[in-house]
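Chains as they are written, first to last, in my numbering: chain A, 1 to 334; chain B, 335 to 668. Think of the CB as a built atom: it goes at the ideal place given N, C-alpha and C, for glycine as much as any other residue. Remember, predicted model here, so these are calculated numbers, not experimental data. Below: the structure, in structure tokens.
There are 2 protein chains.
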Amino acid sequence: MNSVEVVRGGTVESRHAVHVAVQDARGRTLASVGDPSVLTFHRSAAKPMQALPLVEEGVAARFGLTEAELALCCASHEGEAEHVAGARSILARAGADESLLRCGAHAPYSSSAARALTEAGERPGRIHNNCSGKHAGMIALALGMGWDPVDYHLADHPVQRRMADEVVRWSGLRAEAIPTAVDGCGVVCFATPLDVMAGAFARYTGAGDAGEPAGEVVRAMTTHPFMVGGTGRTCTDVMDVAGDRVFVKLGAEGVYGGGLRGRGIGFAIKVEDGGRRAVEVALVRVLASLDVIDSEEVGRLARHGNPAVRNTLGDVVGEIRAAFELPVLSSVGD
Amino acid sequence: MNSVEVVRGGTVESRHAVHVAVQDARGRTLASVGDPSVLTFHRSAAKPMQALPLVEEGVAARFGLTEAELALCCASHEGEAEHVAGARSILARAGADESLLRCGAHAPYSSSAARALTEAGERPGRIHNNCSGKHAGMIALALGMGWDPVDYHLADHPVQRRMADEVVRWSGLRAEAIPTAVDGCGVVCFATPLDVMAGAFARYTGAGDAGEPAGEVVRAMTTHPFMVGGTGRTCTDVMDVAGDRVFVKLGAEGVYGGGLRGRGIGFAIKVEDGGRRAVEVALVRVLASLDVIDSEEVGRLARHGNPAVRNTLGDVVGEIRAAFELPVLSSVGD
């Protein structure tokens, strides 16, 4: 079995098939569940790699981006006040404004932020898009590199070509072997086999541990988990609990990627049907299996790892639970 | 393969496993996809059977329920004005009021209805719950039968015991063989193997065709499709297009059930992971395979059977498509 189960009244009602790959930086698969080679769009899990050129090219330093703002460049955020202010600040530091943003407008994911916006008589804008930090960072990258920032989201723009180069660099695949498509926020997204994605995270984490620029991105995420997600988000709560042991990033359609700091290990998770409710449960099981979090921490993350199913009256009528074990090879944790 | 595929830029990004069973009234499986015996909570797909006692016991006639109101008793509705007014009317005809409702409050599913409610300074109430028609019908049943209507949603109340009797009657299973749980709206829900569910729909449809009271429920649904769902709902659009050839009902967690009028055939669909986006796609494929709808009608139902995936800018970036065939035995359509 490689599933996450949705249980109602003691009976399994629905099952999500889960695929997991754990690799080291040399591309050795240390553990897996399901089909570790399933072709997977990284979606927003690619954001830590997409933020790297800001550091590596000195753009973040030149524009004076704060560590929290760098974390926001890696975020799928809730549109809370800090996130919106952070995206505006990145744009301001780069000498740009919101009119350059090419993500679509949507209401803040945070229901209280959405309500506050409505009560203030404002309409949701592109700045509230959950990817606005990444987009602001891409505009800053373009301006910092001397590229025309207009339409930075299109595949033939130097920004997106640089993003593709990062995926090639960390995955080790040739560009021609990486299917692309248009992401929910309008930029290019990239697909690789799941185990290759895990290996990319292992190499990225290892580079950071070795003092390379990736370490600045990872440190920004683990130091400012709120900026990577927001209130109630799994990424935020996991990094709040785990401290600097791990960095994790959700991707749309049931994806997670992450790296274990100081251990040279990366992992990637794909829920076959794209279900977010299942990938968050799977993430907690994977982190526990890899000894990143202990049982007390698993308990503190129960709302993500073993959430209750409630009905419209608020009564608990079931649960979502991981129904797989991650068989870990002995070399993990070496 | 028994899947519905979510495609992004020409690459399959996610896959939903789909199970389908088609039976006749004698319980012969005429066609299937995946595992036709998968244990399946009927959820709201049970509503046509749950509405039947209103007709059979003469309660609908005694209280003067309209045909549209009977259709609303079978609905998972959008909370549009007609649905809310209908639920209030059912309660008024029975001499009851909204305070008896035991479903939870939630905003109308229809975004325009939800906005209108906010603009009117009203808060979402239990009457806006998508199951309020069924709940109003259950209260009417209790009052019509001389039962205390208070807490009609609990498993030991005569209303819920009668609902269980209907599931036993149409499924042919013993009550002890039918797992139960609490539904999203607070009433009891029932699980049977998927093929048994299909057989139940076949028998129910056949009874209606033979002039039994089930026919009144089926006719109410096919005559008033809007009351069964609302603007943009798959149930509504399918019955709008197919006329009186078929009645269909969505259930939560990726379920559909339905019956082919005049053909003695029932079907049931379960998406293994509970994904609604997949079961609606599967439904259109199943109805086309069973010659319930022709290719022109499949085209008119494309927003349900082959919907576009759009990004936050509104651009089409992919599609959801059925990737299974329903092998139909020759006896179908006899």
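To the nearest whole angstrom, what separates the beta carbons of A/V188 and A/V196, a pair I think is in contact under 8 Å?
Taking 8 Å as the upper bound for CB-CB distance, A/V188 and A/V196 are not in contact here, some 18 Å apart.
Does the segment 589-606 of chain B come close enough to the segment 345-363 of chain B to have 3 or more Cβ pairs within less than 8 Å?
By the C-beta criterion, the segment 589-606 of chain B is judged to be in contact with the segment 345-363 of chain B, since at least 3 inter-stretch pairs fall below 8 Å.
Candidates B/A448, B/C465 and B/N464, of which the one nearest B/R457 by Cα
B/R457 has its Cα closest to that of B/A448, out of B/A448, B/C465 and B/N464.
On the DSSP letters alone, give me the boundaries of the alpha helix (DSSP H) that B/Y538 sits inside.
DSSP places B/Y538 in the uninterrupted alpha helix (DSSP H) bounded by L528 to D543.
For B/P559 and B/D574, what's the separation of their Cα atoms in angstroms?
Computed Cα separation, rounded: 6 Å.
I want to see whether chain D comes within less than 9 Å of A/A114, judged by CB atoms only; does it?
Going by chain labels, chain D is absent from the structure shown, which instead holds the protein chains A and B.
Cβ pair B/G344, A/V317 closer than 9 Å
Going by C-beta atoms, B/G344 is not nearer than 9 Å to A/V317.
Run through chain B and tell me which residues come within less than 9 Å of A/C185, C-beta to C-beta.
What A/C185 touches in chain B, judged by beta-carbon distance under 9 Å, is N645, T646 and L647, going in chain order.
At 7 Å on the CB atoms, spell out the chain B contacts of A/F41, in chain order.
Result: R342 and E347.
Along the alpha helix (DSSP H) that carries B/V637, what are the first and last residues, could you check?
Reading off the sequence, residue 637 of chain B comes out as Arg, not Val. Looking at the DSSP string, the run of the alpha helix (DSSP H) that includes B/R637 is A636 to G639.
Identify the residues that DSSP records as bridge partners of B/H487: which are they?
BP columns for B/H487 are empty, so no partner.
Quick one: what's got a C-beta closer than 6 Å to A/R162's C-beta in the same chain, skipping five residues either side?
The answer, listed in chain order, is P53.
May I have the straight-line CA-CA distance separating B/L399 from B/I424, to the nearest angstrom?
CA-CA distance, B/L399 to B/I424, rounds to 7 Å.
Any chain A beta carbon closer than 9 Å to B/T514:
So, interface residue.
Alpha carbon to alpha carbon, what distance is there between A/R102 and A/M138?
Taking the straight line joining both Cα atoms gives about 10 Å.
Is there contact between the segment 465-482 of chain B and the segment 407-425 of chain B, where contact requires at least three CB pairs shorter than 8 Å?
Taking 8 Å as the limit for Cβ pairs, the verdict is that the segment 407-425 of chain B does touch the segment 465-482 of chain B.
Closer than 7 Å, Cβ to Cβ, to anything on chain A: give me those residues from the segment 446-477 of chain B, in chain order.
Result list: N463.
Selection from A/K47, A/A17 and A/P179 that minimises the alpha carbon distance to A/V217:
Closest by alpha carbon: A/K47.
Classify A/A51: buried if its beta carbon has 16 or more other beta carbons within 10 angstroms, exposed otherwise.
By the neighbour-count rule (16 or more Cβ atoms within 10 Å), A/A51 is buried.
Return no unless some Cβ of chain B is closer than 9 Å to the Cβ of A/H77.
With respect to chain B, the C-beta atom of A/H77 has no partner C-beta closer than 9 Å.
Put A/A322 into one of helix, strand or coil per three-state DSSP.
DSSP places A/A322 in strand when its eight states are reduced to three.
Strictly below 8 Å CB to CB, what residues from chain A border B/C408?
Per Cβ cutoff of 8 Å: no residues; B/C408 is ~19 Å from chain A at best.
Cutoff 9 Å: B/D668 Cβ touching any chain A Cβ
Because B/D668 carries a pLDDT of 48, less than 50, the predicted location of this residue cannot be relied on, and no value is offered for it.
Buried or exposed by the 16-neighbour rule on C-beta atoms within 10 Å, applied to B/M561
Under the 10 Å beta carbon count, B/M561 is surrounded by 16 or more other beta carbons and is classified as buried.
Alpha carbon of B/N336 to alpha carbon of B/A612, nearest angstrom:
About 11 Å.
Any C-beta of chain B sitting closer than 9 Å to the C-beta of A/E166?
By this cut-off, A/E166 is not an interface position.
Return helix, strand or coil for B/G471, following the three-state DSSP convention.
Of the three classes helix, strand and coil, the one that applies to B/G471 here is helix, per DSSP.
Classify A/A120: buried if its beta carbon has 16 or more other beta carbons within 10 angstroms, exposed otherwise.
Under a 10 Å Cβ-count criterion, A/A120 is classified as exposed, with fewer than 16 other Cβ atoms of the shown protein chains found around its own Cβ.
Taking contact to mean 3 or more Cβ pairs, one atom from each stretch, closer than 8 Å, check whether the segment 389-396 of chain B and the segment 534-542 of chain B are in contact.
Touching, no, given that fewer than three Cβ pairs across the two stretches are closer than 8 Å.
On the DSSP bridge assignment, give the partners of B/L584 in chain order.
In the DSSP output, where bridge partners are listed per residue, B/L584 has B/Y590.
Mind checking who A/S32 pairs with in its DSSP beta bridge?
Paired residues: A/A21.
How is A/C103 classed by DSSP in three states: helix, strand or coil?
Coil, per DSSP.
Suppose contacts are defined by Cβ-Cβ distances below 9 Å. Is A/A31 in contact with A/V20 by that definition?
Closer than 9 Å, so yes.
Taking the straight line between their C-alpha atoms, what separation do you get for A/G125 and B/L584?
Computed Cα separation, rounded: 34 Å.
Does the beta-carbon distance from A/L313 to B/G438 come in below 9 Å?
Taking 9 Å as the cut-off, the Cβ atoms of A/L313 and B/G438 count as close.
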